[in-house]
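*Asks:*
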Amino acid sequence: YVLRRPPLGPVAKSAHDMGREYKVLSVLHQALPFAPRAFLYCDDPALIGADFFVMERRKGVVVRRKIPPQFANMPDAPRRMSEAMVDALAALHAVDYAALGLSDLGKPEGFIERQVEGWYKRWHAAKEADLPEMDAVYGWLKANLPTSSDVSLVHNDYKLDNVMLAEDDPEQLVAIFDWDMCTLGDPMSDLGALLCYWTEPTDAPYFQQMAMMPTGDLGFLTRRELVERYAQKSGRSVHNISFYHTLGLFRLVVIIAQIYIRYARGQTQDVRFAAFGPMIPLMAKAAVAVMEG
Numbered sequence: 397y398v399l400r401r402p403p404l405g406p407v408a409k410s411a412h413d414m415g416r417e418y419k420v421l422s423v424l425h426q427a428l429p430f431a432p433r434a435f436l437y438c439d440d441p442a443l444i445g446a447d448f449f450v451m452e453r454r455k456g457v458v459v460r461r462k463i464p465p466q467f468a469n470m471p472d473a474p475r476r477m478s479e480a481m482v483d484a485l486a487a488l489h490a491v492d493y494a495a496l497g498l499s500d501l502g503k504p505e506g507f508i509e510r511q512v513e514g515w516y517k518r519w520h521a522a523k524e525a526d527l528p529e530m531d532a533v534y535g536w537l538k539a540n541l542p543t544s545s546d547v548s549l550v551h552n553d554y555k556l557d558n559v560m561l562a563e564d565d566p567e568q569l570v571a572i573f574d575w576d577m578c579t580l581g582d583p584m585s586d587l588g589a590l591l592c593y594w595t596e597p598t599d600a601p602y603f604q605q606m607a608m609m610p611t612g613d614l615g616f617l618t619r620r621e622l623v624e625r626y627a628q629k630s631g632r633s634v635h636n637i638s639f640y641h642t643l644g645l646f647r648l649v650v651i652i653a654q655i656y657i658r659y660a661r662g663q664t665q666d667v668r669f670a671a672f673g674p675m676i677p678l679m680a681k682a683a684v685a686v687m688e689g
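Residue 591 in the working numbering is what sits at position 195 of the sequence shown, and the numbering runs on without skipping anything.
#1: Tell me the DSSP bridge mates of residue 560?
#2: Cutting at 8 Å between CB atoms, please list the residues of its own chain near residue 575, excluding the five before and the five after it.
#3: Report the partner residues of residue 399 according to the DSSP bridge assignment.
#4: Let me check understanding here. Comparing Cα to Cα, which of 489, 666, 591 and 572 lies closest to residue 632?
#5: Which residue marks the beginning of the beta strand (DSSP E) containing residue 642, and which one marks its end?
#6: Taking 8 Å as the threshold, find out whether the segment 557-566 comes into contact with the segment 474-491 through three or more Cβ pairs.
#7: Which residues share a DSSP beta bridge with residue 581?
#8: Using 9 Å as the threshold, is the C-beta distance between residue 584 and residue 634 below it?
#9: Which runs of the alpha helix (DSSP H) spanning at least 4 residues fall entirely within the segment 496-526, listed in chain order?
#10: Can you round the beta-carbon distance between residue 658 and residue 515 to whole angstroms, since I take them to be within the 8 Å contact cut?
#11: Can you have a look at residue 435 and say buried or exposed, based on whether 16 or more other CB atoms are within 10 angstroms of its CB?
#12: Please confirm if residue 632 has its CB atom under 9 Å from at least one CB of chain C.
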């Protein structure tokens, strides 16, 4: 078993929602084998200082910035890993959430517009200086909101270090973790966010520096191949993927700014975050580049 609780220290009001994560994982395992089962939830902070839940333990390997040694000698490991990730995302988006009793998990109507407005509001709270690129991207997103979209479960933080693979098989995904932001919304938002972390060998150095996954190595699917495979596996149209990719980058700029401003204000002493400041305008330019096609 695993006991899951929020991080130690101050936690943002809407972050690390253990009750939400328990609600999802207590039933999702019935329809999605990658979802670990949650057994028990406690909202009494008197026990350990925070609410928590107890969940099933899965065993395997979590890939972060580098290919694990056991996969290093498999020439096709990056592609197999890529395909497993995309296929699992398509499977998540195909889950009948109503049959699991999750119809009240979120408000899918207006989901994307709320995302745009919410991240713009957070940008103004976190920025050190105005960036015309962010205003331009915000205006473009507002003007190009999808007129209609599908509704599915949305993970909201789907990336390589939030999944677990079998120790000896990069094609076998055994778990998806970090469901605390899961909601009902537009499935394309998960795909667009994943593209933001999916670097390629030809990407600019500053983008490679932000890499949280080893997809910049040769052998991984390209972003285009990733999108095409998702379309094939999900049966969904991806004609508007540039909108969701732009939204994902817009969101990523804000996240970087939020981390950096805490460092700049002395709220964290981690010197690694000093490098985030110069990245903010560069990532904003990357969002503009995707926006302009």
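Where is the CB? At the ideal position from N, CA and C, for every residue including glycine.
All values derive from a computational prediction rather than experimental measurement.
*Replies:* Walking through what the data contain:
#1: Along the sequence shown, one-based indexing puts residue 560 at 164. 571, per the DSSP bridge assignment.
#2: Here residue 575 is taken as the residue at index 179 of the sequence shown, counted from 1. Same-chain partners within the cutoff: 416, 417, 420, 421, 424, 431 and 551.
#3: Stepping through the sequence shown from its first residue, residue 399 is reached at position 3. 450, per the DSSP bridge assignment.
#4: Numbered from its first residue, the sequence shown carries residue 632 at position 236. Per the Cα distances, 489.
#5: Taking the sequence shown and counting its residues from 1, one reaches residue 642 at position 246. First-last for residue 642: 637-660, but that is the alpha helix (DSSP H), not the beta strand (DSSP E).
#6: yes
#7: On the sequence shown, position 185 is the one that residue 581 refers to. Answer is 548, bridged to residue 581.
#8: Indexing the sequence shown from 1 puts residue 584 at position 188. Indexing the sequence shown from 1 puts residue 634 at position 238. Yes. Within cutoff.
#9: 507-522
#10: On the sequence shown, position 262 is the one that residue 658 refers to. On the sequence shown, position 119 is the one that residue 515 refers to. Wrong, their Cβ atoms sit about 17 Å apart, outside the cutoff.
#11: Taking the sequence shown and counting its residues from 1, the one referred to as residue 435 is at position 39. By the 10 Å Cβ count, residue 435 comes out exposed.
#12: The structure shown contains no chain C, having only a single protein chain.
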